[in-house]
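Asker: First the structure, then my questions, so here it is.
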Amino acid sequence: MDAKLPAKPFNKSAFVIRMTLLSLAALTLVGFLTFDYKDLDLGEAVKKTGDTLGTMFLEPHAKHFTVGEAFQQVIITIGLAFLTTLFGAVIALFLALLTARNLSHPVVSLVIKGVVAFIRAVPTVLWVLIFAVAAGLGSVAAVIGMTFHSISYLVKAYSESFEELDDGVIEALRASGAGWWQIVFQAVLPSSVSYIISWTFVRFEINFAVAIAMGAAAGAGGIGYDMFMASNYYYDLREIGFITYVILGFAILLELLARGIKNKLRTNH
Amino acid sequence: MTTLLELKHVSKQYGSDTKALSDISFAVKEGEFVSIIGPSGAGKSTLLRCMNRMIEASSGAIIFDNADITAFRKRELKKLRTSIGMIFQHYNLVNRLSVIENVLHGRLGYKSMLAGVLGIYTEEEKKKAHAILGVLGLQEQIYKRCDQLSGGQKQRVGIARALVQNPKMLLCDEPIASLDPNASKVIMDHLAHICSTMGITVVVNLHQVDVALSYSNRIIGVNKGTIVYDGTPAGLTKDRLRGIYGAEYDELEGSGGRNAG
Chain A
-4 MDAKLPAKPF
6 NKSAFVIRMT
16 LLSLAALTLV
26 GFLTFDYKDL
36 DLGEAVKKTG
46 DTLGTMFLEP
56 HAKHFTVGEA
66 FQQVIITIGL
76 AFLTTLFGAV
86 IALFLALLTA
96 RNLSHPVVSL
106 VIKGVVAFIR
116 AVPTVLWVLI
126 FAVAAGLGSV
136 AAVIGMTFHS
146 ISYLVKAYSE
156 SFEELDDGVI
166 EALRASGAGW
176 WQIVFQAVLP
186 SSVSYIISWT
196 FVRFEINFAV
206 AIAMGAAAGA
216 GGIGYDMFMA
226 SNYYYDLREI
236 GFITYVILGF
246 AILLELLARG
256 IKNKLRTNH
Chain B
1099 MTTLLELKHV
1109 SKQYGSDTKA
1119 LSDISFAVKE
1129 GEFVSIIGPS
1139 GAGKSTLLRC
1149 MNRMIEASSG
1159 AIIFDNADIT
1169 AFRKRELKKL
1179 RTSIGMIFQH
1189 YNLVNRLSVI
1199 ENVLHGRLGY
1209 KSMLAGVLGI
1219 YTEEEKKKAH
1229 AILGVLGLQE
1239 QIYKRCDQLS
1249 GGQKQRVGIA
1259 RALVQNPKML
1269 LCDEPIASLD
1279 PNASKVIMDH
1289 LAHICSTMGI
1299 TVVVNLHQVD
1309 VALSYSNRII
1319 GVNKGTIVYD
1329 GTPAGLTKDR
1339 LRGIYGAEYD
1349 ELEGSGGRNA
1359 G
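Protein sequence lines, in the order shown, are assigned to chains A and B.
Residues in the first sequence are numbered consecutively from -4, following this note's numbering.
Residues in the second sequence are numbered consecutively from 1099, following this note's numbering.
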């Protein structure tokens, strides 16, 4: 035989992926070769970027506020994230019950899924700016807008974890005469509580990041606003570095807290 | 003995041309142990679920305890379902909860919405659940999580959940289809014991002909949605079995695996 025997059968999706990667690599190469660099010296530019980052992160200082005030501002930002996650989680829990296919009417489920998908498609920042038209730029618009997006995100996450529950369990409880609310609280929620906790924490982390951006973009206050002032008003690179460290510290703290709670839940059950 | 359940000309149609059950009529007496046998897709599960209206029959009447249950409204239906226990092939327990919590779920139908939601059970109900679990040999497992149990143990929890309802009848949908022979025997012995000592009527869907023959007072053979045999196990000759299972029966015999299912 002349032709080599293929080691594996022809796979359409693998072929498509390979061709996509190949064309992306080619485009990248063409891009770099045809850039208009003006009179920029690449070596010098990289060095300067390094210098800037060095100033930012190696010599951080707090000039326009004290360390205590920075902590206070981060607490405000966390408060914004916590509040919007809490509102979102409570409202989403009930909407998700109406959205889960195994618990709800198919039409109701489809309508909520559609609306929620639309809300999710628009970024949180945009929702905050939309609500700012009515509420004015500030914390009110931020809370409403972030809650709005949190609801849509969590409805999807929660309802999908509800749908994981075996239909047979619901059938068994219905066959013994249990009502809808009883089934929800005795079978559906106990089965999906660890998913619910995980998704809520994921959203809390997202909301923390968004809350920082909201401080800068929508005047919601908190550490984001200080960062905005440091970068756009005082042009103080060192202070930006300091703020970044504070945020990083708190993010790690939150992560550890979330992991602690999750581990505790796992051993309890 | 009085008649507990009677089906009169019950039919079930899915869509416009798929007939799952056609013109099924039979009566079950109090305290009987009835097995329903037949090939896969014959309509056994549909038939069983029509008896507690988990599936609505398209036509016909179903009389349970002297009342026509096809006319029942929500409240009456709930009451009916509390008096019929159901057992499933895949046990259908809430795996993340403990054995006792799963057993007490059988009481939900008797409770107000709020008491059920909060899981508030009376001392009496808890005592009863403990007693039933003791009878079924699960006293060691009472506070274990259900996902730590073996298949046979899970099915016994399923039986306990049905018994705590104080049912007049047990409907069992392929209760031993996922179990090994030893566990199957334990489960079937428990069901027979429940039937003979507590006087609870038991209706079982079975795939295993030999099990049906040795445990039941009466066998109903179903094929393509109609009853093709209704009588004692003794009267179930090879010819009649061939009538229930069609050509599939010869294969069952030929392979020597009477347990095949």
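The beta carbon of each residue, even a glycine, is placed where N, CA and C say it ideally should be.
1. Kindly indicate which residue of A:Gly140, A:Gly131, A:Leu17, A:Thr94 has the alpha-carbon position closest to the one of Asn202 (chain A).
2. What does Leu1195 (chain B) touch in chain A if you count any residue whose Cβ is under 7 Å from its own?
3. For the pair the region 154 to 171 of chain A and the region 1184 to 1197 of chain B, tell me if three or more CB-CB distances fall below 8 Å.
4. Short of 8 Å in beta carbon distance, which residues of its chain neighbour His59 (chain A), apart from the five on each side in sequence? Order them along the chain.
5. Residue range of the alpha helix (DSSP H) that Asp1271 (chain B) falls in?
6. Using 10 angstroms around the beta-carbon of Asp1278 (chain B), count the other beta-carbons present and answer buried if the total reaches 16, otherwise exposed.
7. Distance, Cα to Cα, Arg1205 (chain B) vs Ile178 (chain A)?
8. Label Tyr32 (chain A) either buried or exposed according to how many other C-beta atoms from any shown protein chain fall within 10 Å of its C-beta, with 16 as the threshold for buried.
9. List the endpoints of the continuous alpha helix (DSSP H) containing Thr44 (chain A).
10. When the Cα atoms are used, what is the spatial distance from Ala1260 (chain B) to Ser1123 (chain B)?
11. Strictly below 8 Å CB to CB, what residues from chain B border Ser171 (chain A)?
12. Hey, does Glu159 (chain A) have any beta-carbon neighbour from chain B nearer than 8 Å?
13. With a threshold of 16 other CB atoms inside 10 Å of the CB of Ile247 (chain A), please say whether the residue is buried or exposed.
14. Report yes or no: do the region 1194 to 1212 of chain B and the region 1158 to 1173 of chain B share at least 3 C-beta pairs separated by less than 8 Å?
15. Which chain A residues are close to His1288 (chain B), counting only those with a beta carbon under 7 Å from its beta carbon?
16. For the region 1207 to 1228 of chain B, list every residue whose C-beta sits within 7 Å of some C-beta in chain A, in sequence order.
17. Any heavy atom of the ligand NAD closer than 7 Å to the Cβ of Val123 (chain A)?
18. Less than 8 Å between the C-beta atoms of Ala65 (chain A) and Val123 (chain A), yes or no?
19. Starting from Glu1199 (chain B), follow the alpha helix (DSSP H) in both directions and report where the run begins and ends.
20. With a 10 Å radius around its C-beta and 16 neighbouring C-beta atoms as the bar for buried, classify Pro1265 (chain B) as buried or exposed.
21. What are the boundary residues of the beta strand (DSSP E) that includes Glu1104 (chain B)?
22. Under 8 Å, do Leu1269 (chain B) and Leu1105 (chain B) count as touching if we go by C-beta distance?
23. May I have a chain-ordered list of the beta strand (DSSP E) segments no shorter than 3 residues that lie completely inside the region 1231 to 1314 of chain B?
24. If you count every other CB in all the chains shown that lies within 10 Å of the CB of Tyr1343 (chain B), and 16 or more means buried, which is it?
25. Helix, strand or coil: how does DSSP classify Ser1138 (chain B) here?
26. Between the beta-carbon of Tyr1241 (chain B) and the beta-carbon of Ile1198 (chain B), is there less than 8 Å?
27. What residues from chain B crowd round Val85 (chain A), counting only those whose CB sits closer than 8 Å?
28. Shortest alpha-carbon distance to Ala95 (chain A) belongs to which of A:Thr47, A:Ile238, A:Ser154?
29. Enumerate in chain order the residues of its own chain whose CB-to-CB distance from Val102 (chain A) is below 6 Å, with the five nearest sequence positions on each side excluded.
30. Distance, Cα to Cα, Ala9 (chain A) vs Ser18 (chain A)?
31. Among residues of its own chain, excluding the 5 on either side of Ser1248 (chain B), which ones have a beta-carbon nearer than 8 Å to its beta-carbon?
32. Going by the beta-carbon positions, is the gap between Val183 (chain A) and Ala87 (chain A) smaller than 8 Å?
33. If you reduce the DSSP assignment to three classes, tell me which class Ile1153 (chain B) lands in.
34. Under 8 Å by Cβ, that's how I've got Asn1321 (chain B) and Gly1136 (chain B) pegged, so tell me the actual separation to the nearest angstrom.
35. Which chain B residues sit within Cβ distance under 7 Å of Glu166 (chain A)?
36. Exposed or buried, which one is Ser148 (chain A) when buried takes at least 16 other CB atoms within 10 Å?
Answerer: By the coordinates alone:
1. The count along the first sequence starts at 1 and reaches residue 202 (chain A) at position 207. If we check each option's Cα against that of Asn202 (chain A), A:Gly140 comes out closest.
2. Position 97 of the second sequence, counted from the first residue, corresponds to residue 1195 (chain B). Those are Pro185, listed as they occur along chain A.
3. yes
4. The count along the first sequence starts at 1 and reaches residue 59 (chain A) at position 64. So the list reads Asp221, Met224, Ala225, Tyr229, Asp231, Glu234, once near-sequence residues are dropped.
5. By 1-based counting over the second sequence, the position of residue 1271 (chain B) is 173. Premise fails: Asp1271 (chain B) lies in the beta strand (DSSP E), 1267 to 1271, not in any alpha helix (DSSP H).
6. To locate residue 1278 (chain B), count along the second sequence from 1; it is residue 180. Per the 10 Å Cβ criterion, exposed.
7. Here the question's residue 1205 (chain B) lines up with position 107 in the second sequence. Here the question's residue 178 (chain A) lines up with position 183 in the first sequence. If you take the alpha carbons of Arg1205 (chain B) and Ile178 (chain A), they lie about 12 Å apart.
8. To locate residue 32 (chain A), count along the first sequence from 1; it is residue 37. Counting Cβ neighbours within 10 Å, Tyr32 (chain A) comes out exposed, since fewer than 16 surround it.
9. Counted from its first residue, the first sequence places residue 44 (chain A) at position 49. Its alpha helix (DSSP H) spans residues 37 to 53.
10. Walking along the second sequence from the start, residue 1260 (chain B) turns up at place 162. Walking along the second sequence from the start, residue 1123 (chain B) turns up at place 25. Answer to the nearest angstrom: the Cα atoms are 26 Å apart.
11. Counting from one through the first sequence, the residue named residue 171 (chain A) turns up at place 176. Under the 8 Å cutoff, chain B gives Arg1179, Thr1180, Gly1183, Met1184, His1203, Gly1204, Leu1206, Gly1207, Arg1259, Ala1260, Gln1263.
12. Taking the first residue of the first sequence as position 1, residue 159 (chain A) is located at position 164. It does not: the Cβ of Glu159 (chain A) has no partner Cβ on chain B nearer than 8 Å.
13. Here the question's residue 247 (chain A) lines up with position 252 in the first sequence. Label assigned to Ile247 (chain A): exposed.
14. no
15. The sequence position of residue 1288 (chain B) within the second sequence is 190, counting from 1. Result: empty, since nearest Cβ-Cβ is about 18 Å, beyond 7 Å.
16. Gly1207, Met1211, Gly1214, Val1215, Gly1217
17. What this structure holds is no ligand at all, so the ligand NAD is not there to describe.
18. Taking the first residue of the first sequence as position 1, residue 65 (chain A) is located at position 70. Taking the first residue of the first sequence as position 1, residue 123 (chain A) is located at position 128. In this structure, Val123 (chain A) does not lie closer than 8 Å to Ala65 (chain A) by Cβ.
19. For this step, residue 1199 (chain B) is matched to residue 101 along the second sequence. First-last of the alpha helix (DSSP H) with Glu1199 (chain B): 1197 to 1202.
20. By one-based count along the second sequence, residue 1265 (chain B) stands at place 167. Classification for Pro1265 (chain B): buried.
21. Numbered from its first residue, the second sequence carries residue 1104 (chain B) at position 6. That run of the beta strand (DSSP E) goes 1101 to 1112.
22. Reading the second sequence from its first residue, position 171 is the one you call residue 1269 (chain B). Reading the second sequence from its first residue, position 7 is the one you call residue 1105 (chain B). No, these two residues do not count as a Cβ contact at 8 Å.
23. 1267 to 1271, 1299 to 1304
24. As a first step, residue 1343 (chain B) must be located in the second sequence, where it is residue number 245. Flag for Tyr1343 (chain B) reads buried.
25. Here residue 1138 (chain B) is taken as the residue at index 40 of the second sequence, counted from 1. Coil, per DSSP.
26. Here residue 1241 (chain B) is taken as the residue at index 143 of the second sequence, counted from 1. Here residue 1198 (chain B) is taken as the residue at index 100 of the second sequence, counted from 1. Yes.
27. In the first sequence, counting from the first residue as 1, residue 85 (chain A) sits at position 90. Going along chain B, no residue has its Cβ under 8 Å from Val85 (chain A), so there is no contact; the nearest lies around 17 Å.
28. On the first sequence, position 100 is the one that residue 95 (chain A) refers to. Closest by alpha carbon: A:Ser154.
29. For the purposes of this step, residue 102 (chain A) is taken as the residue at position 107 of the first sequence. Nothing meets the Cβ criterion.
30. Working through the first sequence from its first residue, we reach residue 9 (chain A) at position 14. Working through the first sequence from its first residue, we reach residue 18 (chain A) at position 23. Cα-Cα distance, rounded: 14 Å.
31. Taking the first residue of the second sequence as 1, we reach residue 1248 (chain B) at position 150. If we look at Ser1248 (chain B) and ignore the five residues flanking it on each side, its Cβ neighbours are Ala1281.
32. As a first step, residue 183 (chain A) must be located in the first sequence, where it is residue number 188. As a first step, residue 87 (chain A) must be located in the first sequence, where it is residue number 92. Their beta carbons are not under 8 Å apart, which means Val183 (chain A) does not touch Ala87 (chain A) by this criterion.
33. The residue given as residue 1153 (chain B) occupies position 55 in the second sequence. In this structure, Ile1153 (chain B) counts as coil in the three-state DSSP scheme.
34. By one-based count along the second sequence, residue 1321 (chain B) stands at place 223. By one-based count along the second sequence, residue 1136 (chain B) stands at place 38. Confirmed, Cβ separation roughly 5 Å.
35. One-based indexing of the first sequence puts residue 166 (chain A) at position 171. Within 7 Å Cβ-Cβ: Met1152, Asn1190.
36. For this step, residue 148 (chain A) is matched to residue 153 along the first sequence. Sequence inspection shows Tyr at residue 148 (chain A); the Ser mentioned does not correspond to that position. Answer is buried; the Cβ neighbour count reaches 16.
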